[in-house]
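Positions 564 to 826 (my numbering) are the ones given, in order, by the sequence shown. For glycine and all other residues, C-beta sits at the position ideal for the given N, C-alpha and C. Since the structure is predicted, the reported quantities are computational estimates derived from the model, not experimental observations. Below: one structure, written as structure tokens.
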Amino acid sequence: MAKPNALVLRAPGTNCDLESAYAFETAGARTERIHVNRLLDDGNLLKRFQILCVPGGFSYGDDVAAGKVMAAKIQHHLFDQMHEFHALGNLLLGICNGFQVLLKTGLLFADPLAESPATLTWNDNGRYEARWVTLAAESERCVFLRGIKSMFLPVAHAEGKFMSRDSAAMRKLESQGQLVLRYVAPDHSTETNGSSKVPFPFNPNGSQESVAGFCDPTGRAFGLMPHPERFVQPTQHPRWTRDGLQPVGDGLKLFRNAVEFFA
564 MAKPNALVLR
574 APGTNCDLES
584 AYAFETAGAR
594 TERIHVNRLL
604 DDGNLLKRFQ
614 ILCVPGGFSY
624 GDDVAAGKVM
634 AAKIQHHLFD
644 QMHEFHALGN
654 LLLGICNGFQ
664 VLLKTGLLFA
674 DPLAESPATL
684 TWNDNGRYEA
694 RWVTLAAESE
704 RCVFLRGIKS
714 MFLPVAHAEG
724 KFMSRDSAAM
734 RKLESQGQLV
744 LRYVAPDHST
754 ETNGSSKVPF
764 PFNPNGSQES
774 VAGFCDPTGR
784 AFGLMPHPER
794 FVQPTQHPRW
804 TRDGLQPVGD
814 GLKLFRNAVE
824 FFA
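Shown next as structure tokens:
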């Protein structure tokens with residue numbers, strides 16, 4: 564199998580680029596970490612790659628709002644190149660801050676230039692949450708989630724609450740199969756006690772419909788708040804010394820799916 568080329572796009576404040584690059588390399592991709600300023604100087608760099616990942620962290624200090632400054636740079640200077648990159652059949656992945664960036668650029672929606680049907684905002688408790696969560700994947704449409712039913716991954720964010728513009732927008736996203744990853748209870752139940760979401764701490768931010776990840780209509784662009792790059796090796800599980808080692812970390816399959824898409 565030919566190895567695809569993966570670009571991990573970093574910016575001032577990004578702090579998960581090394582882990583994301585390692586995850587793609589472990590999954591079998593050739594990976595480069597490139598500063599966003601290099602793309603601003605030469606957007607043709609994208610033509611060397613088949614996968615683009617915007618990793619987690621605090622790009623540009625999360626000034627204005629999480630991911631907003633980097634999203635604005637992409638919208639105003641790189642939008643055409645990113646749109647063409649995706650239209651050629653390539654993959655886009657946004658993790659945590661990267662999810663916030665992709666959502667604010669519009670690249671995860673059917674019409675990137677239309678009014679955004681959803682956003683990510685402050686956690687219900689108004690503070691940063693760092694904990695492990697159980698996730699259920701609900702669609703084979705998303706390239707990154709194929710063959711995955713559930714994952715146990717860490718979250719680390721303050722602005723991770725998924726909210727739709729209104730109920731009609733949420734119904735449309737649901738009907739289009741874009742709400743592909745949700746927070747669930749450790750027993751994988753979705754019991755909500757009459758609410759539209761599982762309770763805290765299983766849903767760590769209060770996301771509507773317990774949404775933890777979201778893909779575009781093609782399934783080739785995907786953003787999620789949990790960090791798959793932080794559970795690639797079995798020893799990264801918080802209870803591996805008590806419960807024993809599983810073969811691989813839950814997050815690795817997501818990166819393997821991206822690589823195998825180009826087999």
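- In the structure shown, W685 falls within a coil segment according to DSSP collapsed to helix, strand and coil.
- Rounded to whole angstroms, the Cβ separation of N820 and V706 is 6 Å, and the two are in contact under 8 Å.
- C659 and E647 have their C-alpha atoms spaced approximately 23 Å apart.
- In the three-state reduction of the DSSP assignment, F818 falls in the helix class, which pools H, G and I.
- In this structure N686 is buried. Its beta-carbon is surrounded by 16 or more other beta-carbon atoms within 10 angstroms.
- Straight across, the Cα-Cα distance linking I597 with A719 is about 23 Å.
- According to DSSP, residue pairing for A784 in a beta bridge involves L655.
- Under DSSP, the beta-bridge partners assigned to E692 are H720.
- R802 is not a Cβ neighbour of P717, given a cutoff of 8 Å.
- Excluding five sequence positions before and after P810, the CB atoms of its chain that fall closer than 8 Å to its own CB belong to P797, given in chain order.
- When DSSP reads this structure, A700 sits in a beta bridge with L744.
- With a 10 Å radius around the Cβ and a threshold of 16 neighbouring Cβ atoms, L671 comes out buried.
- Around the beta carbon of V627, a 10 Å sphere encloses fewer than 16 other beta carbons of the protein chains shown; the residue is thus reported as exposed.
- Taking a 10 Å sphere around the C-beta of H649, we find 16 or more other C-beta atoms and assign the residue as buried.
- Judged by beta-carbon spacing, L570 lies beyond the 8 Å limit of V599, meaning their Cβ atoms are not closer than that value.
- Around the beta carbon of G723, a 10 Å sphere encloses 16 or more other beta carbons of the protein chains shown; the residue is thus reported as buried.
- Taking 8 Å as the cut-off, the Cβ atoms of A592 and V795 do not count as close.
- Around the beta carbon of E582, a 10 Å sphere encloses 16 or more other beta carbons of the protein chains shown; the residue is thus reported as buried.
- DSSP places F587 inside the alpha helix (DSSP H), whose first and last residues are 580 to 590.
- Note on H790: 16 or more other CB atoms within 10 angstroms of its CB, so buried under the neighbour-count rule.
- In the DSSP assignment, T804 falls within the unbroken alpha helix (DSSP H) covering 803 to 806.
- The alpha-carbon of D625 is positioned some 33 Å away from that of E823.
- Apart from sequence neighbours up to five positions away, the residues of its chain that approach L656 with a beta-carbon distance below 6 Å are C616, F785, ordered along the chain.
- For R728, the three-state secondary structure derived from DSSP is coil.
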